[in-house]
Amino acid sequence: MKRFAIALLSVAAVLGGTRGGVAADGVDVTDANAWFRELGRQARQTQEDNGLIRFGRRLDQLEFQRISQICPTGTSYPGNNCAHFVSHVLHSGHGETCPSGASVSVHDLFVACPQVWKLNGGTPPENPCLIFVAEQGVAGAASNGMDRVMGPGRRHIGIYMDGKIWHYSNTRHQVEQATVAQFRRFYGGNVDLFCGQLTTNWRQGPAFR
Ligand SMILES: [Zn+2]
């Protein structure tokens, strides 16, 4: 019903902008197929935008919460809830899980991402995405982003969106916000940063709906 309403609004918008067979946004409305393709594209874009807005709101609502409030079974792994937090947000069940089925290992999420990029500077190539910080040399991803490895050592994970990272502080026992620059200063600054692409299941899952 909502999608239908969006389509109707889009029709009105295109008709309203019609002048000599070309809509204000440059779509030739005399070509019915192109017109309907454009309506479909606009509806999908609106859905995607709304999903991102909902996701951002959810992340904001989680700030300062403890993992025992987020995990339905109230489970907490002392000193190791960063992947656990991310997995409850994204509904990720890869590898080893908590009693309610959320992944608990940074490594399992690192491997589950369809693509991983080393972040040498600037901002992540995708928004939103996962962001990993590891002691230098602990983790690596081939330039094709597919072959990757994460060995033992200190590592941490958060969710990046719009310039901010939401992550679980294992020392302050709460969800916090950080910047990419702050993540770079972890572990005395001797770190590598990686971005992980969200899987289609995560992007279309409950967190975005
Ligand atoms: Zn849990």
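Start counting the sequence shown at 249; every next residue gets the next number (the working numbering).
Backbone N, C-alpha and C fix where the C-beta goes; we use that ideal spot for every residue, glycine too.
Out of Glu296, Gly288, Phe303, Val359, the CA that lies nearest to the CA of His336 is found in Phe303. Our two residues, Leu441 and Thr447, have alpha carbons roughly 19 Å apart in a direct line.
Separation of Ala280 and Arg402 (C-alpha to C-alpha, rounded to the nearest whole angstrom) is 57 Å. With respect to the 8 Å criterion, Gln445 and Pro362 are classified as neighbours on the basis of their beta carbons. A contact is defined here as three or more CB-CB pairs under 8 Å, and the segment 384-395 fails this definition with respect to the segment 408-427.
Counting only the Cα atoms, Arg285 lies some 43 Å from Met398. Excluding its 5 nearest sequence neighbours in each direction, His342 has C-beta neighbours in its own chain below 6 Å: Ser351, Asp356, Ala360, listed in chain order. If you look at Asp297, you'll find it in the alpha helix (DSSP H) that goes 280-310.
In this structure, Glu383 lies near Asn438, with their beta-carbon atoms less than 8 Å apart. Closest by C-alpha distance to Cys346, out of Phe358, Trp414, His332, is His332. Residue state for Ala390 is assigned as coil, using DSSP reduced to three classes.
In the structure shown, Gln317 adopts helical secondary structure according to DSSP, grouped into three states. Using a cutoff of 7 Å, the CB of Ser348 counts as near ligand 1, since one of the ligand's heavy atoms is closer than that. Looking from the CA of Pro400, the closest CA among His415, Val381, Asn418, Ile413 belongs to Val381. Short of 6 Å from the beta carbon of Glu311, and not among the five residues preceding or following it, lie these beta carbons of its own chain, in chain order: Val423.
Here the alpha carbon of Ala282 sits roughly 15 Å from the alpha carbon of Arg292. The beta-carbon separation of Gly436 and Leu338, rounded to 29 Å, does not stay under the 8 Å limit for a contact. Taking 8 Å as the cut-off, the Cβ atoms of Phe358 and His404 do not count as close. The C-beta separation of Ile379 from Phe431 comes to about 6 Å, placing the pair in contact by the 8 Å criterion. Look at the segment 358-408 and you find these whole runs of beta strand (DSSP E), each 3 residues long or longer: 364-366, 377-383, 387-389, 396-398.
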